[in-house]
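Peer 1: I am attaching a structure below and will ask some questions about it afterwards.
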Ligand SMILES: Cc1cc2nc3c(=O)[nH]c(=O)nc-3n(C[C@H](O)[C@H](O)[C@H](O)COP(=O)(O)OP(=O)(O)OC[C@H]3O[C@@H](n4cnc5c(N)ncnc54)[C@H](O)[C@@H]3O)c2cc1C
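Numbering (the working numbering), first residue to last: 348 to 831.
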């Protein structure tokens with residue numbers, strides 16, 4: 348509930364921040380123009396402000412993702428980029444001014460729309476680049492482009508859009524002719540640039556001088572490796588919460604070559620080590636399996652807030668169901684370790700449902716967690732392609748298998764919390780199945796290993812409804828602005 352209120356409040360704050368330039372513009376004293384022209388300016392101001400805020404919601408600001416969760420942050424990023432392009436496309440078509448030359452809005456000495464050659468060019472450049480950027484982001488998983496090339500192009504295009512947008516706004520924007528509105532855009536652009544500087548220059552430099560070293564690497568199941576690293580300088584060890592993830596870089600602290608992994612260890616005051624469970628899946632994860640003891644490795648701060656839903660007050664009386672798909676077990680192990688570290692004996696009713704494709708992918712949890720510390724822990728394995736010897740549940744983590752698994756324990760009720768972690772498709776499938784089993788979305792906390800929407804689950808519906816209402820509220824604020 349607390350998280351829901353926080354998400355809603357932050358959503359309102361986000362909308363408020365987007366609409367801030369409109370509020371500031373109402374305090375200017377410029378001659379009146381036809382309302383369509385005002386609407387056009389308002390749409391452009393909202394769109395440009397969304398674009399600048401996209402730098403903060405890129406998922407790389409640890410502070411934000413720790414409070415709001417990475418899924419919330421990235422959904423704002425992905426969905427409101429669509430709002431920006433919608434507003435920008437309508438912006439040039441709304442103008443009526445060419446027919447009303449009396450309402451000269453531009454800088455003194457320029458044509459009445461203030462639209463000179465360069466401003467027209469930067470406006471078009473920004474709009475077209477934004478269209479390409481969104482198109483490439485939506486089709487990324489289906490294209491053959493490597494993640495790193497896609498990310499580099501994403502950053503370059505984001506810089507192009509914001510720089511072109513700034514030029515267009517400062518030279519053609521009617522309200523930006525007011526000094527302090529001009530400063531507003533310069534400062535907002537500066538903050539956006541600072542976030543890039545932090546991610547692509549400052550953080551890599553800090554990492555370069557504070558590397559971690561590989562302490563151990565062992566295969567713990569078919570294609571899955573446990574990597575443990577330690578900080579050479581404990582004072583730079585990131586403080587983290589169980590369930591969070593970090594970005595790892597191998598060989599070089601240079602930006603771009605970093606991949607996200609959930610931390611499978613739990614934070615302890617004097618420890619300077621971090622552990623991960625890594626599935627050998629592609630280029631980067633395969634390189635992890637070839638690391639040698641003592642090799643350098645670079646770590647960013649801890650991100651996300653997975654598992655915090657399970658830590659609300661009175662949590663000991665609230666049953667907990669953990670549903671992990673494959674290597675999605677990593678943050679669950681961290682959370683279980685954390686429970687032992689803080690409570691020693693854990694009375695809470697916990698049901699861990701652990702799905703894998705084949706038996707050899709199952710990690711022996713007893714080698715990582717002191718399972719005996721739990722008084723009421725049930726572990727149910729689900730295998731989708733079992734051998735003939737397999738006696739447990741068979742299937743993928745869908746409604747049928749989840750129902751069968753959940754029936755094994757009868758302590759679950761309307762207050763039960765569900766933690767789900769794994770691939771995007773698995774998460775969406777599990778949320779869909781839980782919804783069909785009458786579980787409310789507010790009871791579920793999920794961590795996706797990819798940021799894609801795959802099914803129409805309650806969470807995705809809620810996001811789309813929130814986005815539609817948010818966009819409508821922004822358009823309504825632009826209309827209100829144009830009438831006053
Ligand atoms: C929050 C989060 C936590 C994760 N935790 C774990 C974990 O504990 N253990 C684990 O094995 N895997 C985890 N993953 C998945 C892991 O990040 C990817 O499997 C890995 O980055 C794949 O890289 P690759 O080059 O080996 O494979 P590729 O074949 O190159 O990539 C496979 C897919 O992984 C994703 N991916 C690749 N590179 C990146 C990148 N730099 N940033 C983001 N996504 C990328 C893309 O969707 C890509 O299509 C997590 C992912 C996220 C988002």
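Note that the Cβ used here is the ideal one computed from N, Cα and C, for glycine as well.
Judging by CA-CA distance, which residue of 783, 585 and 790 is the nearest neighbour of residue 763?
Peer 2: Nearest option by C-alpha distance: 790.
Peer 1: Thinking just about the alpha-carbon of each residue, which of 567, 689 and 602 is nearest to the one in residue 616?
Peer 2: Residue 616 has its Cα closest to that of 689, out of 567, 689 and 602.
Peer 1: In terms of residues, what are the limits of the beta strand (DSSP E) holding residue 594?
Peer 2: Unbroken beta strand (DSSP E) run through residue 594: 592-597.
Peer 1: What I want to know is whether the C-beta of residue 561 ends up closer than 7 Å to one or more non-hydrogen atoms of ligand 1.
Peer 2: Flag unset: Cβ of residue 561 not near ligand 1.
Peer 1: By how many angstroms is the C-alpha of residue 715 removed from the C-alpha of residue 583?
Peer 2: The alpha-carbon atoms of residue 583 and residue 715 are separated by roughly 25 Å.
Peer 1: If I follow the unbroken alpha helix (DSSP H) through residue 729, where does it start and stop?
Peer 2: Careful: residue 729 lies outside any alpha helix (DSSP H), inside the beta strand (DSSP E) at 724-730.
Peer 1: Kindly confirm or deny that the region 374-394 and the region 425-438 touch, where touching means at least three C-beta pairs closer than 8 Å.
Peer 2: Result yes; three or more Cβ-Cβ pairs closer than 8 Å.
Peer 1: Under 5 Å, CB to any heavy atom of ligand 1. Which residues pass, going along the chain?
Peer 2: Result (chain order): 494, 592, 606, 607, 608, 609, 625, 626, 628, 629, 630, 631, 632, 674, 677, 796 and 797.
Peer 1: With a threshold of 8 Å, are at least 3 pairs of Cβ atoms found where one atom belongs to the region 557-568 and the other to the region 413-426?
Peer 2: Counting Cβ pairs under 8 Å, fewer than three are found: no touch.
Peer 1: Could you check where the alpha helix (DSSP H) with residue 427 kicks off and where it finishes?
Peer 2: Segment 417-441, the alpha helix (DSSP H) holding residue 427.
Peer 1: Report the partner residues of residue 625 according to the DSSP bridge assignment.
Peer 2: 572, per the DSSP bridge assignment.
Peer 1: Compute the distance between the beta-carbons of residue 469 and residue 515, then report whether it is under 8 Å.
Peer 2: Yes, these two residues count as a Cβ contact at 8 Å.
Peer 1: Could you spell out the range, first to last residue, of the alpha helix (DSSP H) harbouring residue 824?
Peer 2: Where residue 824 is concerned, the enclosing alpha helix (DSSP H) stretches over 805-830.
Peer 1: Once you ignore the five residues that flank residue 375 on each side, which residues in its own chain have a CB closer than 8 Å to its CB?
Peer 2: Correct list, in chain order: 522, 525 and 528.
Peer 1: Comparing alpha-carbon positions, which option in 676, 680, 710 and 711 lies nearest residue 769?
Peer 2: It is 676 whose Cα lies nearest to the Cα of residue 769.
Peer 1: Give, in chain order, every unbroken run of the alpha helix (DSSP H) that is at least 4 residues long and sits entirely within the region 537-581.
Peer 2: Segments of the alpha helix (DSSP H) lying fully in the region 537-581: 550-556.
Peer 1: Can you tell which of 553, 620, 548 and 554 has its C-alpha closest to the C-alpha of residue 581?
Peer 2: Per the Cα distances, 620.
Peer 1: Rounded to whole angstroms, what is the Cα-Cα separation between residue 456 and residue 513?
Peer 2: Per-residue confidence for residue 456 stands at a pLDDT of 40, beneath the threshold of 50, marking its modelled position as unreliable; no derived number is given.
Peer 1: Please report how far the alpha carbon of residue 360 lies from the alpha carbon of residue 813, in whole angstroms.
Peer 2: Using only the alpha carbons, I get a separation of about 13 Å.
Peer 1: If the criterion is Cβ atoms closer than 8 Å, does the pair residue 400 and residue 364 meet it?
Peer 2: Yes; because the gap between Cβ atoms is below 8 Å, this pair is in contact.
Peer 1: When we look at the beta-carbon of residue 797 and count the other beta-carbons within 10 Å, is it buried (16 or more) or exposed?
Peer 2: It counts as exposed.
Peer 1: Look at the Cβ atom of residue 409, then the Cβ atom of residue 649, and state whether they are nearer than 8 Å.
Peer 2: Cβ distance < 8 Å, so residue 409 and residue 649 count as in contact.
Peer 1: Go ahead and label residue 418 buried or exposed: buried means 16 or more other beta carbons lie within 10 angstroms of its beta carbon, across all protein chains shown.
Peer 2: Burial call: buried.
Peer 1: Given a threshold of 16 other Cβ atoms within 10 Å of its Cβ, counted over all protein chains shown, does residue 384 qualify as buried or as exposed?
Peer 2: Residue 384 is buried by the Cβ-count criterion.
Peer 1: Can you round the beta-carbon distance between residue 519 and residue 466 to whole angstroms, since I take them to be within the 8 Å contact cut?
Peer 2: Indeed, because the Cβ distance is near 4 Å, the residues count as touching under 8 Å.
Peer 1: Which of helix, strand or coil does DSSP assign to residue 476?
Peer 2: In this structure, residue 476 counts as helix in the three-state DSSP scheme.
Peer 1: Thinking residue 324 and residue 591 are a contact (beta carbons under 8 Å), I'd like their distance in whole angstroms, please.
Peer 2: Examination of residue 324 is not possible in this model, given that the chain is present from 348 through 831 alone.
Peer 1: Along the chain, which unbroken stretches of the beta strand (DSSP E) at least 3 residues long are found entirely within the region 702-786?
Peer 2: Whole beta strand (DSSP E) segments, 3+ residues: 724-730 and 764-769.
Peer 1: What three-state label does DSSP hand residue 643 in the structure shown?
Peer 2: Correct three-state label for residue 643: strand.
Peer 1: Is residue 485 helix, strand or coil by DSSP?
Peer 2: Residue 485 falls in the helix class under three-state DSSP.
Peer 1: Taking the straight line between their C-alpha atoms, what separation do you get for residue 438 and residue 705?
Peer 2: Looking at the two C-alpha atoms, the distance is approximately 54 Å.
Peer 1: Are the beta-carbon atoms belonging to residue 743 and residue 731 less than 8 Å from one another?
Peer 2: Contact: yes.
Peer 1: Hey, residue 443 and residue 368 are a contact pair by Cβ (cut 8 Å); roughly how many whole angstroms apart?
Peer 2: Contact flag wrong, Cβ pair sits at about 22 Å.
Peer 1: Can you tell me whether residue 615 is helix, strand or coil according to DSSP?
Peer 2: DSSP places residue 615 in coil when its eight states are reduced to three.
Peer 1: Taking residue 626 as the reference, which of 576, 785, 697 and 710 has the closest Cα?
Peer 2: Of 576, 785, 697 and 710, the residue nearest in Cα terms is 710.
Peer 1: Can you tell me whether residue 691 is buried or exposed? The criterion is at least 16 other CB atoms within 10 Å of its CB, across all chains shown.
Peer 2: Per the 10 Å Cβ criterion, exposed.
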